[in-house]
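Enquirer: Take the sequence shown: its letters are residues 1 to 73, numbered as in UniProt numbering. Cβ atoms here follow ideal geometry from the backbone N, Cα and C, with glycine treated the same way. Starting off with a structure, shown below.
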Amino acid sequence: MRVLLMLLAIGLGSLCGGVLLTLLLLPLWGWLDNRIGIEALGHSGPAPWCYGLSIGVLALLGIILLARALRRA
1 MRVLLMLLAI GLGSLCGGVL LTLLLLPLWG WLDNRIGIEA LGHSGPAPWC YGLSIGVLAL
61 LGIILLARAL RRA
């Protein structure tokens with residue numbers, strides 16, 4: 001039950017942090033859009049895949065850190 005609550009916290013934290021991280025990385029998305037030609041920025045902000053990538057990276061990082069903490073305990 002404790003692990004399930006931690007996973008839920010990681011998921012919620014990843015959602016909030018991922019949106020913030022995506023917006024903070026606007027210069028990177030603009031660079032990718034201009035330099036490499038990947039459609040990352042539209043007229044309404046970053047593309048959905050930018051949000052998905054940021055949320056996914058934070059969730060993966062949280063799960064890895066949780067697994068390491070549980071292995072040590």
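Can you give me the C-alpha to C-alpha distance between Leu25 and Ala73, rounded to a whole angstrom?
Expert: Their Cα atoms are separated by approximately 35 angstroms.
Enquirer: With DSSP as the reference, label Trp41 as helix, strand or coil.
Expert: According to the sequence displayed, residue 41 carries Leu and not Trp. Here Leu41 sits in strand by DSSP.
Enquirer: Between the alpha carbons of His43 and Gly30, how many angstroms are there, rounded?
Expert: Cα to Cα, the separation comes out at about 12 angstroms.
Enquirer: Any idea which residues DSSP pairs Pro46 with across the strands?
Expert: Per DSSP, Leu41.
Enquirer: Quick check on this structure: which residue in Thr22, Arg2, Arg35, Asn34 has the alpha carbon closest to the alpha carbon of Trp49?
Expert: Closest by alpha carbon: Thr22.
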